[in-house]
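Participant: These protein sequence lines are chains A and B, in that order.
Going letter by letter, the first sequence gives residues 500 to 620 in the working numbering.
Going letter by letter, the second sequence gives residues 500 to 620 in the working numbering.
Glycine included, every Cβ here is placed at the ideal spot set by N, Cα and C.
Protein chains: 2
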Amino acid sequence: MTLYHPATEEIELSAVLHALSDPQRLQIVRLLAAHDVPVPCGSLSLDVTKSTATHHFRVLREAGVVFQVPSGTSKLTTLRRADLDARLPGLLDAVLAASPVGAAPAFGRSVSEPATYAAAI
Amino acid sequence: MTLYHPATEEIELSAVLHALSDPQRLQIVRLLAAHDVPVPCGSLSLDVTKSTATHHFRVLREAGVVFQVPSGTSKLTTLRRADLDARLPGLLDAVLAASPVGAAPAFGRSVSEPATYAAAI
DNA sequence: TAGCTGGTACGATGAGCATCGTAGCATATT
DNA sequence: AATATGCTACGATGCTCATCGTACCAGCTA
Numbered sequence: 500m501t502l503y504h505p506a507t508e509e510i511e512l513s514a515v516l517h518a519l520s521d522p523q524r525l526q527i528v529r530l531l532a533a534h535d536v537p538v539p540c541g542s543l544s545l546d547v548t549k550s551t552a553t554h555h556f557r558v559l560r561e562a563g564v565v566f567q568v569p570s571g572t573s574k575l576t577t578l579r580r581a582d583l584d585a586r587l588p589g590l591l592d593a594v595l596a597a598s599p600v601g602a603a604p605a606f607g608r609s610v611s612e613p614a615t616y617a618a619a620i
Numbered sequence: 500m501t502l503y504h505p506a507t508e509e510i511e512l513s514a515v516l517h518a519l520s521d522p523q524r525l526q527i528v529r530l531l532a533a534h535d536v537p538v539p540c541g542s543l544s545l546d547v548t549k550s551t552a553t554h555h556f557r558v559l560r561e562a563g564v565v566f567q568v569p570s571g572t573s574k575l576t577t578l579r580r581a582d583l584d585a586r587l588p589g590l591l592d593a594v595l596a597a598s599p600v601g602a603a604p605a606f607g608r609s610v611s612e613p614a615t616y617a618a619a620i
């Protein structure tokens, strides 16, 4: 039994967006992006149990976001940066550039029209 | 009762990703991006019933992706391009640049290592 | 006033999913 | 061989969500 990985051309936008829309998985991707070397799944400190982590890694892998190789008792995981950039240019960069979850929000009033409407209507 | 719109600073990455991860909503965003003027909801030809369309428009609006103003019996909808670009730079462009659902996939073999692995392992 | 039109509200339904616990299975390590 | 480690498999559970039908409401129009 081999681990399924979609080929680069098979990576689908909605699958990637769905994979990244979960906060836990987004956190995994952020942590992976911080390392440039393959990382054992267990070395990422997550707030979920092992079985839930396995589930999230599978979702990310089957969407084409990460790549996994068995290595001894562990499994090395890397971000498929090049493939994602080739298939969905700019998407991963935009997601990683977004301020992380705990960041202090900007406090100025929005200048654009829609945000103004939100307060006015 | 006023329509809720998040302010620009309140737009959350995971909410936007979740809103865009549904094919119907992705299609709505693509259609809105094709027009630069406010569009009545009903003028977009969707494959769902009215109530489902209402649901999708609300998800997009509450995530901060679109902006809606009541206008007579109708409701005008626009893409919040400027706000999204300010809060999540590059994200919308990357999503819109991705090949639409029905497009013919590239046929060359992938060069990158992970895709090669997908075929080899 | 009466009717039409575009959209919403509400409930129902069926599917998917995030999460967990327990059990199991490989691969080191002793 | 015995144990430890890192992960997976397999339910089970409770929640979310995409979809629909029906009823309803607010504006236009005749």
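Applying the 10 Å Cβ sphere with the 16-neighbour rule, what's the burial state of Thr501(B)?
Facilitator: Against the second sequence, residue 501(B) aligns to sequence position 2. Classification for Thr501(B): exposed.
Participant: What are the residues of the stretch 540-564 of chain B that lie near chain A, defined by any Cβ-Cβ distance shorter than 7 Å?
Facilitator: Answer set for the stretch 540-564 of chain B: empty.
Participant: Closest to Glu511(A) by C-alpha separation, out of Gly563(B), Gly589(B) and Ser520(B), would be which residue?
Facilitator: For this step, residue 511(A) is matched to residue 12 along the first sequence. If we check each option's Cα against that of Glu511(A), Ser520(B) comes out closest.
Participant: If Ala532(A) and Pro588(B) are in contact, beta carbons under 8 Å, what's the gap, nearest whole angstrom?
Facilitator: Position 33 of the first sequence, counting from 1, holds the residue named residue 532(A). Position 89 of the second sequence, counting from 1, holds the residue named residue 588(B). Wrong, their Cβ atoms sit about 17 Å apart, outside the cutoff.
Participant: Anyone know if the C-beta pair for Ala518(A) and Val558(A) falls short of 9 Å?
Facilitator: Walking along the first sequence from the start, residue 518(A) turns up at place 19. Walking along the first sequence from the start, residue 558(A) turns up at place 59. Yes; because the gap between Cβ atoms is below 9 Å, this pair is in contact.
Participant: Does Arg589(B) come within less than 9 Å of chain A when only Cβ atoms are used?
Facilitator: Taking the second sequence and counting its residues from 1, the one referred to as residue 589(B) is at position 90. Looking at the sequence itself, residue 589(B) is Gly, so the reference to Arg does not match. Cβ-Cβ to chain A under 9 Å: yes for Gly589(B).
Participant: If we define contact as Cβ-Cβ less than 9 Å, is Ser513(B) a contact residue for chain A?
Facilitator: Counting from one through the second sequence, the residue named residue 513(B) turns up at place 14. Yes, contact with chain A.
Participant: What residue from Ala506(A), Glu508(A) and Asp546(A) has the CA that sits closest to Leu525(A)'s CA?
Facilitator: The residue given as residue 525(A) occupies position 26 in the first sequence. Among Ala506(A), Glu508(A) and Asp546(A), the Cα nearest to that of Leu525(A) is on Asp546(A).
Participant: Kindly list, in the order they appear in chain A, the residues whose Cβ is closer than 8 Å to that of Pro522(B).
Facilitator: Here residue 522(B) refers to the residue found at position 23 of the second sequence. What Pro522(B) touches in chain A: Ser513.
Participant: Can you find a C-beta in chain B that's less than 9 Å from the C-beta of Pro613(A)?
Facilitator: As a working mapping, residue 613(A) is identified with position 114 in the first sequence. Summary for Pro613(A): the model assigns pLDDT 43, below 50, so the residue's position carries little reliability, and this model does not support an answer.
Participant: Under the rule that 16 or more other beta-carbon atoms within 10 Å means buried, what is Pro505(B), buried or exposed?
Facilitator: Indexing the second sequence from 1 puts residue 505(B) at position 6. The residue in question, Pro505(B), is buried, as its Cβ has 16 or more Cβ neighbours within 10 Å.
Participant: Between Val528(B) and the rest of its own chain, which residues show a CB-CB distance below 6 Å, the 5 nearest in sequence each way excluded?
Facilitator: For the purposes of this step, residue 528(B) is taken as the residue at position 29 of the second sequence. Nothing meets the Cβ criterion.
Participant: Among residues of its own chain, excluding the 5 on either side of Leu591(A), which ones have a beta-carbon nearer than 7 Å to its beta-carbon?
Facilitator: Counted from its first residue, the first sequence places residue 591(A) at position 92. Once the five neighbours on either side are set aside, the close Cβ partners of Leu591(A) are Arg580, Leu583 and Asp584.
Participant: Please list the segments of the beta strand (DSSP E) lying wholly inside the stretch 524-581 of chain B, counting only runs of 3 or more residues, in order along the chain.
Facilitator: Listed in chain order, they are 565-570 and 573-578.
Participant: Tell me the DSSP secondary structure of Pro505(B) in three-state form.
Facilitator: For the purposes of this step, residue 505(B) is taken as the residue at position 6 of the second sequence. Coil.
Participant: Are the beta-carbon atoms of Arg586(B) and Glu508(B) separated by less than 9 Å?
Facilitator: As a first step, residue 586(B) must be located in the second sequence, where it is residue number 87. As a first step, residue 508(B) must be located in the second sequence, where it is residue number 9. Going by C-beta atoms, Arg586(B) is nearer than 9 Å to Glu508(B).
Participant: If you draw a straight line from the C-alpha of Ser542(A) to the C-alpha of Lys574(A), how long is it?
Facilitator: For this step, residue 542(A) is matched to residue 43 along the first sequence. For this step, residue 574(A) is matched to residue 75 along the first sequence. So the alpha carbons of these two residues sit roughly 10 Å apart.
Participant: Would a check of beta-carbon distances place His534(A) closer than 9 Å to chain B?
Facilitator: Position 35 of the first sequence, counting from 1, holds the residue named residue 534(A). Chain B contact via Cβ: absent.
Participant: Going along chain A in order, which residues have a C-beta closer than 7 Å to the C-beta of Leu519(B)?
Facilitator: Looking up residue 519(B) in the second sequence gives position 20. In chain order: Leu516.
Participant: Within the present structure, is the beta-carbon of Ala518(A) separated from the nearest heavy atom of the ligand SAM by less than 8 Å?
Facilitator: Absence of the ligand SAM from the depicted structure is noted, as is the absence of any ligand whatsoever, leaving it without description.
Participant: Counting along the chain, where does the alpha helix (DSSP H) carrying Ala518(A) start and finish?
Facilitator: As a working note, residue 518(A) is residue 19 in the first sequence. Start and end: Leu512 to Leu519.
Participant: Verify the CB distance criterion: does Val594(B) have a CB-CB separation below 9 Å to chain A?
Facilitator: If you number the second sequence from 1, residue 594(B) lands on position 95. Taking Cβ atoms only, chain A reaches closer than 9 Å to Val594(B), which makes this a yes.
Participant: Identify, in the order they occur along the chain, each residue of the same chain with its Cβ nearer than 6 Å to the Cβ of Val538(A), setting aside the five sequence neighbours on each side.
Facilitator: The residue given as residue 538(A) occupies position 39 in the first sequence. Hits under 6 Å: Thr576.
Participant: Please report the distance separating the alpha-carbon of His534(A) from that of Ala514(A).
Facilitator: Position 35 of the first sequence holds residue 534(A). Position 15 of the first sequence holds residue 514(A). So the two alpha carbons sit approximately 24 Å from each other.
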